[in-house]
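Residue numbers (the UniProt record's numbering): 1 to 838.
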């Protein structure tokens, strides 16, 4: 091959060869050593794939190639999450119909961009969520959840995005804004479909202790589930037979309860509001219900409220306390009511603002009298655990024991109980949009809600010219009479179809089940028990080969959306008897994100990195390597045009070395080169097993520098070992070098892509193994003297150990002799001893 290689010609050639030879296709039935390697499939919401896609997908591809060279049958499929709000919003933006736009975008992403970057995908297993053959099974899953009591339609106060003109799940609201269009989210009372994810709250939480996932994702899910253990205390309403249940994690503060607060949505608001306060309360409730939950509960917002005119009776001391309405209490969490006291910062400020009398029930366990006086005089809020005062028979008890004792006492009085609550809410699945799978439900006035019979699935999305959302609380399908009007599957009478569509997160919650079995028309995947299927149990051999997924790579921003939903659906599948495991991924790795010149990429800053431009200018291999080199894969890095030249020089050095046959095909490797090679093999292998792509490349750079600067020689066999290390990062150039230099295939010139039947790719060759005997350092023992006497020996350290390193080791060995004493001098006599004077 020529020294100055033409990357574009090489890339085009090997893309064609790999496709013709089906290098990356896997026989799911007959694979003997399966490894399911998955990266989150993208949702096309722009004209081109951005550098974030390139970064994450390349990292995943490096792993796949590494595993393939370890003899694994790597299933690495790809598809597109092309149904849903992301694609529809983009269609609105560019003025095209989503039907034609999505088909064009997906083809462009696949044929022009994913292919260009060199990722080894098995495109024979492609899925697109808008294909009827796919969403037939998405609808089937909805029906199964309904039949098993895990889907229900109910009226609820929901998040409404005025920009997207649809409802949103709690997980799609970030800091009070729509996660897609960033509009301020409002609240509306609507009847919607929900999946009962809360039924699995305990399991979702418990399993976090046992799954091999990135820690930041585990913590995000733990916080989102939000398990709270506490007490549910009943307050009777003065002069009424009504009562209000309050959830609290601090029953130790009950004796200091100064007021009761109801959420504006609480069902007793109207009944507890006096005539004198009716106008003020109604106005306050109306305004509050429009505010998003995140804004209402934000610590940065001033807390407001209104008095109802009613009073509640504190069950602990029979004192009357006022009942207020305040929007910092949410009807969807706990019981929709709390009691306020002096030992919560928010309550303290609220009471001071509205001049509600407070009393102190806890003081810190300290002898600092001035601190206690500040608290008793209500000049400072004490919200921690302490010692109870003004709390009847519980005075003097510490908060921790008082919490349980008070709850038990109130329970005996019939006024409380121990309870567990969660922040997690059921998954709101309805969407008032067009571009998504229709919800497969039918409503009959006589029979109620019924699922569409399974043999009539899919309920296809009709082509509609007027498809844009109107914002009237109904989806565009509601205006199509031929779609709406149907027959009841139970009684045969007149009925209407549901006109809302399915949240696209259901599409992506199960797609990895479909990939291996995409060619199956009779089942979504083996094990579903569908009549007529020849593998109706979850013990299907092919199914157990591939699932759960061995490795899933994706962004941590999906922690409480996609990743939570995949876990829920997997648990639901197990409960319904379809599968025998309850977690979807053996391992999940969260990748980092890329900035540009130190700043977050955005169109407004004009610093978006277009992968196409860099692949054209520097070649796919160099671009891949640069992406993997700019920082730790779990943290990301900064993309700088100035930094690309270093990688390009490295790649050119690799090519130069292999073109120079005298150096790369010597009869024998020099001792120094062979030792450095095996050290590099060990280091790169260890790094790749831990997704440390940047340090893997750094070790290869160090090795090529040794070869070039010291004019070392490698045998042909050893040179091939090094080339194999390069292969996962530079798939095109490594294939070119392997075929033309190592196999001597003259026909593989710059313009030919003729492939013989016995073609064998470098990407299915065995990964090199290091020889531990070759990389053992010369080890020595070093004596340690303290004031002239030998006090110990530091054993088996490298002969070339640095002075500061051996002195630190020596100090650690004799720490008991030198601790707390002044060290006057430390000397290392190379290869012999460390002398310490104190």
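Backbone N, C-alpha and C define an ideal beta-carbon position, used for all residues, glycine too.
Taking 8 Å as the cut-off, decide whether the C-beta atoms of residue i and residue j are in contact.
{"i": "residue 235", "j": "residue 243", "result": "yes"}
{"i": "residue 585", "j": "residue 552", "result": "yes"}
{"i": "residue 718", "j": "residue 674", "result": "yes"}
{"i": "residue 763", "j": "residue 23", "result": "yes"}
{"i": "residue 252", "j": "residue 403", "result": "yes"}
{"i": "residue 324", "j": "residue 304", "result": "no"}
{"i": "residue 340", "j": "residue 350", "result": "yes"}
{"i": "residue 615", "j": "residue 423", "result": "no"}
{"i": "residue 164", "j": "residue 85", "result": "yes"}
{"i": "residue 729", "j": "residue 628", "result": "yes"}
{"i": "residue 246", "j": "residue 138", "result": "no"}
{"i": "residue 670", "j": "residue 709", "result": "no"}
Straight-line CA distance for residue i to residue j?
{"i": "residue 527", "j": "residue 574", "result": "10 Å"}
{"i": "residue 262", "j": "residue 419", "result": "19 Å"}
{"i": "residue 833", "j": "residue 118", "result": "54 Å"}
{"i": "residue 706", "j": "residue 653", "result": "11 Å"}
{"i": "residue 392", "j": "residue 416", "result": "17 Å"}
{"i": "residue 694", "j": "residue 737", "result": "23 Å"}
{"i": "residue 60", "j": "residue 649", "result": "25 Å"}
{"i": "residue 445", "j": "residue 491", "result": "11 Å"}
{"i": "residue 567", "j": "residue 128", "result": "21 Å"}
{"i": "residue 375", "j": "residue 365", "result": "12 Å"}
{"i": "residue 36", "j": "residue 699", "result": "28 Å"}
{"i": "residue 88", "j": "residue 169", "result": "17 Å"}
{"i": "residue 257", "j": "residue 321", "result": "8 Å"}
{"i": "residue 179", "j": "residue 745", "result": "53 Å"}
{"i": "residue 69", "j": "residue 766", "result": "5 Å"}
{"i": "residue 326", "j": "residue 275", "result": "19 Å"}
{"i": "residue 612", "j": "residue 212", "result": "35 Å"}
Quick one: using the 10 Å Cβ neighbour count with 16 as the cut-off for buried, is residue i buried or exposed?
{"i": "residue 292", "result": "buried"}
{"i": "residue 369", "result": "exposed"}
{"i": "residue 724", "result": "buried"}
{"i": "residue 487", "result": "exposed"}
{"i": "residue 438", "result": "buried"}
{"i": "residue 636", "result": "buried"}
{"i": "residue 343", "result": "buried"}
{"i": "residue 361", "result": "buried"}
{"i": "residue 781", "result": "exposed"}
{"i": "residue 838", "result": "exposed"}
{"i": "residue 827", "result": "exposed"}
{"i": "residue 645", "result": "exposed"}
{"i": "residue 182", "result": "exposed"}
{"i": "residue 550", "result": "buried"}
{"i": "residue 9", "result": "exposed"}
{"i": "residue 760", "result": "exposed"}
{"i": "residue 223", "result": "exposed"}
{"i": "residue 605", "result": "exposed"}
{"i": "residue 459", "result": "buried"}
If you drop the 5 nearest sequence neighbours on each side, which residues of the same chain put their C-beta closer than 7 Å to that of residue i?
{"i": "residue 401", "result": "none"}
{"i": "residue 548", "result": "581, 583, 584, 585, 586"}
{"i": "residue 145", "result": "151, 195, 572"}
{"i": "residue 792", "result": "784, 813, 814"}
{"i": "residue 684", "result": "696, 699, 700, 725"}
Tell me which same chain residues have a C-beta within less than 8 Å of the C-beta of residue i, skipping the five on either side of it?
{"i": "residue 563", "result": "217, 221, 554, 588"}
{"i": "residue 147", "result": "451"}
{"i": "residue 610", "result": "48, 50, 51"}
{"i": "residue 560", "result": "171, 220, 221, 224"}
If I measure Cβ to Cβ from residue i and keep anything under 6 Å in the same chain, skipping five residues before and after, which residues do I get?
{"i": "residue 2", "result": "Per-residue confidence for residue 2 stands at a pLDDT of 49, beneath the threshold of 50, marking its modelled position as unreliable; no derived number is given."}
{"i": "residue 751", "result": "For residue 751, the predicted model reports a pLDDT of 47, less than 50, meaning its position is unreliable and no value from the coordinates is stated."}
{"i": "residue 777", "result": "798"}
Examine chain D for any beta-carbon lying closer than 8 Å to the beta-carbon of residue i, and answer yes or no.
{"i": "residue 397", "result": "The structure shown contains no chain D, having only a single protein chain."}
Contact between the stretch 755 to 775 and the stretch 785 to 800 (3+ Cβ pairs under 8 Å): At 8 Å Cβ cutoff, the stretches do not touch.
Touching by the beta-carbon criterion (3+ pairs, under 8 Å), the stretch 199 to 211 and the stretch 391 to 409: They do not touch, by the three-pair rule.
Inter-stretch contact at 8 Å, needing at least 3 Cβ pairs: the stretch 446 to 460 / the stretch 505 to 522: Touching, no.
Three or more C-beta pairs below 8 Å linking the stretch 145 to 162 and the stretch 98 to 106: With a cut-off of 8 Å, the stretch 98 to 106 and the stretch 145 to 162 do not count as touching, because too few Cβ pairs lie within range.
Contact between the stretch 378 to 388 and the stretch 331 to 346 (3+ Cβ pairs under 8 Å): In this structure the stretch 378 to 388 lies against the stretch 331 to 346, because at least three pairs of beta carbons, one per stretch, are closer than 8 Å.
Meets three-Cβ-pair contact criterion under 8 Å: the stretch 456 to 466 and the stretch 478 to 487: Touching, yes, given that three or more Cβ pairs across the two stretches are closer than 8 Å.
Contact the stretch 156 to 163 vs the stretch 181 to 190: 3+ CB pairs below 8 Å: Yes, the stretch 156 to 163 is in contact with the stretch 181 to 190.
Touching by the beta-carbon criterion (3+ pairs, under 8 Å), the stretch 36 to 52 and the stretch 63 to 78: Verdict: yes, contact present.
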